[in-house]
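Undergrad:
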Amino acid sequence: MEDFTFLLVLTSLLITTTFSNAMDVINRTHMITDGQTLISSDGSFELGFFSPGNSKNRYVGIWYKKITAFTVVWVANRDNPLTNTSGAVLKVTGPGILSLLNGSNSMIWSSNTSGVAQTPVVQLLDSGNLVVKEATDANSDKYLWQSFDYPTDTLLPGMKLGWNFVTGYETCITAWKSTEDPGTGDYAYHLDPTGYPQAVLRRRSVELFRSGPWNGVGYSGLPSLKNNSIYTFELVFNKNEVYYHYELLNKSVFSRLTINQSGVAQRWTWVDRTQGWIMHLTAPVDNCDSYKQCGAYGTCNIDDSPICGFY
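Quick note: the sequence shown, position 215, residue 548 per the working numbering, numbers continuous.
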């Protein structure tokens, strides 16, 4: 009887351990269908199927798990929604490719990869980064693919906003088309590497806002952007890459940088006491921040009407 009890307890522990380890991982035997999710090991982020607003379309995305407001931070198939998820599956295939297939087994979306994994797995990290990697390799430099390289409208802590000069690849954030359509919108927030790097907001190819050059501690035209008790930030500039990134000082705090459908970059931080997001930084701040608002020789005063004056 004691032997049976021991075996029963051991079996339960093994099942629990296996389930716990699988919660944040997709492998060749564990796939995700609509109604199933992956959860990062610390419970901060969740990946699954969702419909934004009143839309009936279905998307695969990542959102915050620990907060009450449903807030999506990344969308896989943003420009190719599923209209029917019956039979749809998110799986890892081949040498290490994450694929979203519909019920007819047609490809809706897939990651790309520059390498091969013998035992590929897809893992949702505590940072919110979805990575494809070799199961036994935790080296971030050897990820075959990661969602942090392909952001949608949100820059999370640890993400890079900038350019890789070796590959010529740019990482920027692009607004949703609407609150019910996460498709690639008109507005994008970039890092311009020309001269002294600066943040640039564009509507398609038209520049709407420039932050002013980086001066070593921040952007010259954004004095309100400075290190604080919530996060610290820096700009890295070398022969291989240039990028802006930020890190949270308290990992229990949630903070994000977004670009909205109106072309405004916004910094948000979650407040547990009020159970809501508080916005504490925007760019542009007002119409006088708009690029070339009053031309080369004009002055701008938001309190005047019209706001532009000339010498």
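Ideal placement from N, C-alpha and C gives every residue a C-beta, glycine not left out.
So, is Phe-403 buried or exposed, given that buried needs 16 or more other C-beta atoms within 10 angstroms?
TA: Answer is exposed; the Cβ neighbour count stays below 16.
Undergrad: Based on Cα-Cα distance, which residue from Thr-602, Gln-369, Glu-574 and Leu-488 lies nearest to Ile-400?
TA: For the residues Thr-602, Gln-369, Glu-574 and Leu-488, the minimum Cα distance to Ile-400 belongs to Thr-602.
Undergrad: Which residues bound the beta strand (DSSP E) around Arg-543?
TA: Segment 539 to 543, the beta strand (DSSP E) holding Arg-543.
Undergrad: If you draw a straight line from the alpha carbon of Tyr-577 to that of Thr-426, how long is it in whole angstroms?
TA: If I take the Cα positions, the gap works out to 33 Å.
Undergrad: Grouping DSSP H, G and I as helix and E and B as strand, with all else coil, what is Thr-351?
TA: In this prediction, Thr-351 has a pLDDT of 36, which is less than 50 and means its spatial position is unreliable; what the coordinates show is noted afterwards. Note: Thr-351 maps to helix in three-state DSSP.
Undergrad: Count the CB pairs spanning the region 440 to 452 and the region 541 to 560 that are closer than 8 Å, and state whether there are at least three.
TA: Segments in contact, no.
Undergrad: Whole angstroms are fine: how far does the CA of Asn-435 sit from the CA of Lys-389?
TA: Spanning the two alpha carbons is a distance of roughly 15 Å.
Undergrad: What are the uninterrupted segments assigned as beta strand (DSSP E) that are 3 or more residues long and contained completely in the region 482 to 543, given in chain order?
TA: The qualifying runs are 494 to 497, 502 to 504, 506 to 511, 514 to 525, 531 to 536 and 539 to 543.
Undergrad: Would you say the beta carbon of Asp-482 comes nearer than 7 Å to a heavy atom of the ligand SAM?
TA: The model depicted lacks the ligand SAM and carries no ligand whatsoever.
Undergrad: Buried or exposed: Asn-354, going by 16 or more other Cβ atoms within 10 Å of its Cβ?
TA: With a pLDDT of 39 at Asn-354, under the threshold of 50, the predicted position of this residue should be treated as unreliable, though the coordinate-derived value follows. So Asn-354 ends up on the exposed side.
Undergrad: Can you check whether the CB of Pro-490 is closer than 8 Å to the CB of Asn-379?
TA: Before going on, a small fix: residue 379 reads as Glu here, not Asn. Contact: no.
Undergrad: According to DSSP, is Lys-475 part of a helix, a strand, or is it coil?
TA: Note: Lys-475 maps to helix in three-state DSSP.
Undergrad: Tell me which residues share the same chain as Thr-344 and place their Cβ nearer than 6 Å to its Cβ, disregarding the 5 neighbours each side in the sequence.
TA: Any reading at Thr-344 needs caution, since the residue's pLDDT is 40, under 50, leaving its predicted position unreliable; the model's value is listed next. Cβ neighbours of Thr-344 beyond the five flanking positions: none.
Undergrad: Applying the 10 Å Cβ sphere with the 16-neighbour rule, what's the burial state of Asn-410?
TA: Burial call: buried.
Undergrad: Look at the alpha carbon of Leu-431 and the alpha carbon of Asn-593, and state the distance between them as a whole number of angstroms.
TA: The alpha-carbon atoms of Leu-431 and Asn-593 are separated by roughly 28 Å.
Undergrad: For Gly-376, which residues in the same chain have their Cβ closer than 7 Å to its Cβ, ignoring the five residues on either side in sequence?
TA: Excluding residues within five positions, the ones whose Cβ falls inside 7 Å are Lys-398 and Lys-399.
Undergrad: When we look at the beta-carbon of Tyr-552 and count the other beta-carbons within 10 Å, is it buried (16 or more) or exposed?
TA: By the neighbour-count rule (16 or more Cβ atoms within 10 Å), Tyr-552 is buried.
Undergrad: Note down, in chain order, each residue of its chain lying with its Cβ closer than 6 Å to the Cβ of Leu-590, except the 5 sequence neighbours on either side.
TA: Excluding residues within five positions, the ones whose Cβ falls inside 6 Å are Leu-488 and Arg-600.
Undergrad: Thinking C-alpha only, which one of Gly-518, Gly-429, Val-405 and Met-492 is nearest Lys-475?
TA: Out of Gly-518, Gly-429, Val-405 and Met-492, Gly-429 has the C-alpha closest to the C-alpha of Lys-475.
Undergrad: Under the DSSP definition of a beta bridge, which residues are partnered with Met-364?
TA: The partner list for Met-364 (beta bridge, DSSP) is empty, contrary to what the question assumes.
Undergrad: For Gly-516, which option in Asn-438, Thr-507 and Val-569 has the closest C-alpha, if you only look at C-alpha atoms?
TA: When each option's Cα is compared against that of Gly-516, the closest is Thr-507.
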